[in-house]
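*Asks:*
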Amino acid sequence: MRRIAIVGAGLAGFSAGQELRRLGFDGDLTVIGAEPHRPYRRPPLSKEHLLGESDLSLRGADELGAAWRLGRAATGLDLERRAVLVGEAAIGFDGLVIATGLRAKSLPEGTALPGVHFLRGLDDARGLRREIEARPRTVVVGGGFIGSETAATLRGLGLEVTLISGRPVLRSALGAEVGAIAEAMHREHGVEVRTGRMAGVSGTGRVERVHLQDGGTVTADLVVAALGAEPETEWLRGTGLGDGDGVMVGADGLVAPGIAAAGDVARWPHPLHSGRTLRIEHYANAAEQGAHAARALLGGIGPYTPLPNFWSHLYGRRLQAVGFTGADCESRLVAQEPGHRFMAEYRHRGRLVGVAAAGFARAMPEYRQRIAQALAPVAETAEGPPDTGVVSGGPTSQRADERAG
Amino acid sequence: MKIRVDMAKCETHAQCVFAAPEAFSLDDDDELVYDANPDDALRAKIEQAVLACPVQAVFIEQG
Ligand SMILES: Cc1cc2nc3c(=O)[nH]c(=O)nc-3n(C[C@H](O)[C@H](O)[C@H](O)COP(=O)(O)OP(=O)(O)OC[C@H]3O[C@@H](n4cnc5c(N)ncnc54)[C@H](O)[C@@H]3O)c2cc1C
Ligand code: SF4
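Taken in sequence, the protein lines are chains A and B. Residues in the first sequence are numbered from 1 upward in steps of one, following UniProt numbering. Residues in the second sequence are numbered from 1 upward in steps of one, following UniProt numbering.
#1: With a 10 Å radius around its C-beta and 16 neighbouring C-beta atoms as the bar for buried, classify V33 (chain B) as buried or exposed.
#2: Measuring only the C-alpha atoms, how far is H340 (chain A) from L20 (chain A)?
#3: May I ask you to check if the CB of Q48 (chain B) is nearer than 8 angstroms to at least one heavy atom of ligand 2?
#4: Which same chain residues, not among the five before or five after R69 (chain A), have their C-beta less than 8 angstroms away from its C-beta?
#5: Secondary structure at H186 (chain A), three-state DSSP: helix, strand or coil?
#6: Quick one: is T12 (chain B) buried, meaning 16 or more other Cβ sit within 10 Å of its Cβ, or exposed?
#7: Where does F18 (chain B) fall in DSSP's three states?
#8: What residues from chain B crowd round S15 (chain A), counting only those whose CB sits closer than 7 angstroms?
#9: Run through DSSP, which three-state label would L51 (chain B) get?
#10: Please confirm whether A296 (chain A) has its beta-carbon closer than 9 angstroms to some beta-carbon of chain B.
#11: Per DSSP, which residues does M248 (chain A) bridge with? Please list them.
#12: Which whole-angstrom value is the C-beta distance of R22 (chain A) and A44 (chain B), which I expect to be below 8 angstroms?
#13: Closer than 6 angstroms by C-beta to S331 (chain A): which residues in its own chain qualify, once you throw out the five before and the five after it? Chain order, please.
#14: The alpha helix (DSSP H) spanning D124 (chain A) covers which residue range?
#15: Does A335 (chain A) have its Cβ less than 9 angstroms from a Cβ in chain B?
#16: How many Å lie between M185 (chain A) and S106 (chain A) at the Cα?
#17: Taking 8 angstroms as the cut-off, is the CB of V322 (chain A) close to at least one heavy atom of ligand 2?
#18: Would you call the stretch 110-121 of chain A in contact with the stretch 61-79 of chain A, where contact means no fewer than 3 C-beta pairs closer than 8 angstroms?
#19: Since P231 (chain A) contacts G215 (chain A) with CB under 8 angstroms, what's their CB separation in whole angstroms?
#20: Looking at the structure shown, is V178 (chain A) part of a helix, part of a strand, or coil, going by DSSP?
#21: For residue 406 (chain A) versus F14 (chain A), is the C-beta spacing smaller than 9 angstroms?
#22: Going along the chain, which residues of the stretch 7-38 of chain B sit with their C-beta nearer than 8 angstroms to a C-beta in chain A?
#23: Taking Cβ-Cβ distances shorter than 9 angstroms, what residues in chain B pair up with Y283 (chain A)?
#24: From the DSSP secondary-structure annotation, give me the bridge partner or partners of W311 (chain A).
#25: Need the endpoints of the alpha helix (DSSP H) that L227 (chain A) sits in, please.
#26: In the DSSP assignment, what are the bridge partners of residue 408 (chain A)?
#27: Count the other CB atoms within 10 Å of the CB of S54 (chain A); is the residue buried (16 or more) or exposed (fewer)?
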């Protein structure tokens with residue numbers, strides 16, 4: 001293998017590149033990225049980065065020895081010629097890593113007024129930050145992690161914030177108990193939490209109101225739409241390699257001969273998940289699976305079987321989760337202390353499959369081991385925990401039925 | 001190999017502990033403790049820890 005192309009200059013793509021080099025690949029490496037930026041950390045975008053600009057770039061990009069083609073998206077993949085198409089240009093490859101992540105879901109028609117923002121990339125965060133200076137009355141639509149974090153961050157600046165969520169905040173990702181704690185924290189800090197779905201927005205030249213499906217309206221100078229995200233597979237159209245559900249990776253870590261995929265865009269059969277397929281939209285997974293994709297390309301690895309692991313911020317508290325914590329598991333608070341310190345365990349068929357906590361950092365590594373042990377026999381009997389097939393750290397913590405708002 | 005953690009930056013996310021438990025752990029006060037000279041055989045795991053740390057606080061020292 002002399003030429004390897006990586007499409008998507010995010011964490012997963014970068015991790016793949018680093019691992020290729022570590023394993024001794026010294027051929028041509030081309031990284032194609034739609035954004036004009038070198039790989040950077042996305043999680044701060046809904047947290048401290050909304051408060052002020054800081055350097056989010058991932059260290060080591062300069063030492064990768066790659067040709068960076070940034071600022072233009074790959075537009076197609078020619079499997080016969082084995083080339084990635086970027087407009088008129090064709091970049092030939094012997095090996096390919098697909099790491100194009102997710103894109104924010106588009107809004108219902110007629111909602112693209114000025115003042116309505118998404119939050120997925122660095123440029124989105126910058127655009128949002130410029131608006132914040134005018135201290136707008138803000139409506140955040142979507143009660144997943146990104147909506148919840150954004151509401152908390154903007155409220156921390158003293159803005160008037162309403163959080164509209166189709167289901168109780170964070171419930172899809174973390175269950176009813178933890179969701180209720182998160183919601184209580186929002187209320188305590190003065191965020192108005194409303195259960196409902198967005199029907200649309202209106203205003204003259206700029207957003208002025210958000211309309212709910214139940215007929216209610218909320219005044220808004222600024223709307224942050226955190227309604228979910230979907231795998232970025234447009235450029236794979238016609239190849240049969242990807243669809244709205246992501247890019248399917250086999251047990252050998254490959255999508256097709258010489259083609260691997262990693263990160264938010266990748267779906268694969270997970271042995272701890274009854275062998276059913278799963279996508280994990282978490283930062284740590286992008287780092288780990290990127291490296292795995294590199295090893296798969298260079299040949300000979302086993303299946304990828306990570307335990308999901310995620311963190312989120314809420315008013316200075318750090319939420320951490322390990323394993324499977326979806327609303328379809330049975331959750332139980334095992335500790336609750338003043339200051340919103342808590343720990344919840346998640347079980348499926350009586351077996352411990354996940355844990356979520358705030359203020360119990362030290363317990364997490366041990367829990368991780370316990371959960372891995374509890375699930376080990378599951379991998380053999382194919383009786384994994386239930387899930388919707390997406391383990392989300394990103395905006396798609398909402399389920400399909402509430403994505404409409 | 002030699003590693004260093006910028007403790008001023010560290011937010012005890014424990015991502016490094018997950019990636020390379022042989023080299024990183026949390027003590028009784030939830031403070032990160034780590035082995036500054038981990039075995040070379042751990043390099044792949046340490047590199048994962050460097051990448052996975054949400055605040056980029058883990059450094060591999062050259063030399
Ligand atoms: C606001 C926000 C907050 C988050 N907070 C957390 C958190 O607290 N904890 C956590 O664990 N996770 C968090 N996440 C999720 C985490 O950031 C992702 O799981 C991670 O970034 C996934 O990495 P990736 O490389 O797979 O995809 P991405 O980071 O999305 O990178 C994909 C890259 O591919 C590019 N691309 C797309 N299409 C093309 C194309 N056709 N051609 C070329 N390039 C293309 C994109 O522009 C992008 O740069 C957060 C995400 C967001 C958006
Ligand atoms: S991952 Fe980073 S922030 Fe977390 S404990 Fe390790 S060094 Fe500290």
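Don't be surprised by glycine CBs; every beta carbon is placed ideally from N, CA and C. Everything numeric in this text was worked out from a predicted model, so none of it was measured.
*Replies:* In terms of the structure at hand:
#1: exposed
#2: 43 angstroms
#3: no
#4: T30, V31, I32, G33, V86, I91
#5: helix
#6: buried
#7: helix
#8: L51
#9: helix
#10: no
#11: A:R267
#12: 7 angstroms
#13: G175, E177, A344, Y346
#14: 122-132
#15: no
#16: 29 angstroms
#17: no
#18: no
#19: The Cβ separation is near 34 angstroms, so there is no contact.
#20: helix
#21: Past the edges of chain A, shown from 1 to 405, lies residue 406 (chain A), and the structure says nothing about it.
#22: E11, T12, H13, A14, Q15, V17, F18, A19, P21, S25, L26, D27, D28, D30
#23: Q15, A52, P54
#24: A:Q320
#25: Looking at the DSSP string, L227 (chain A) is not in any alpha helix (DSSP H), and its letter there is neither H nor E.
#26: The requested residue 408 (chain A) does not occur in the structure, where chain A is confined to residues 1 to 405.
#27: exposed
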